[in-house]
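Below you'll find the structure, written out as structure tokens, and then a few comments.
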Amino acid sequence: QVQLVESGGGLVQAGGSLRLSCAASGRIFSISTMGWYRQAPGKQRELVATINSGGNTNYADSVKGRFTISRLSAKNTAYLQMNSLKPEDTAIYYCNVVQVYKAYWGQGTQVTVSS
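The numbering of the sequence shown is our numbering, which starts it at 12 and goes up by one.
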């Protein structure tokens, strides 16, 4: 099993910044992709950003240019730097990792952006 612990969420004013962290532990031997997803009230969970073992990144159009995903493979940790936050970024943010075609999810961290 792989356990994920997210941190860094909170309340911020529009235009502000937050940095989310996701630390993976447990039976880790070859994580391929780490990523962040989010779910706003009444909406489906959506992809925010992913990064693979080669460092290639993928972003939702709504966050391109504002969010940056990074990864410290040696520590099995992923980060999401969120700048120029907007009220529509308000959601629960979930960390996701894929290892040997199996996906694992964190418990989520709340991000609230006030206008």
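Backbone N, C-alpha and C define an ideal beta-carbon position, used for all residues, glycine too.
Being a predicted model, the structure only gives us computed values, none of them experimental.
Scanning its chain for C-beta atoms nearer than 8 angstroms, with the 5 sequence neighbours on each side dropped, one finds around R30 the residues G19, Y90, L91, Q92, M93, in chain order. Apart from sequence neighbours up to five positions away, the residues of its chain that approach V74 with a beta-carbon distance below 7 angstroms are V59, A60, ordered along the chain. Cα atoms of R56 and Q118: separation of roughly 13 angstroms, rounded to the nearest angstrom.
Leaving aside the five residues that flank G21 on each side, the residues in its chain whose CB is nearer than 8 angstroms to its CB run, in chain order, L29, Q121, V122, T123. Closest in alpha carbon position to A34, among W47, K113, G26, is W47. If the five residues before and after Q110 are omitted, its C-beta is found closer than 8 angstroms to the C-beta atoms of V13, I39, F40, S41, I42, S43, all from its own chain and listed in chain order. A51 sits in coil when the DSSP states are folded into three classes, being neither helix nor strand.
Distance between S64 and S84, taken at the CA atoms: about 8 angstroms. Rounded to whole angstroms, the separation of the alpha carbons of R82 and G53 is 30 angstroms. DSSP lists no bridge partner for G66.
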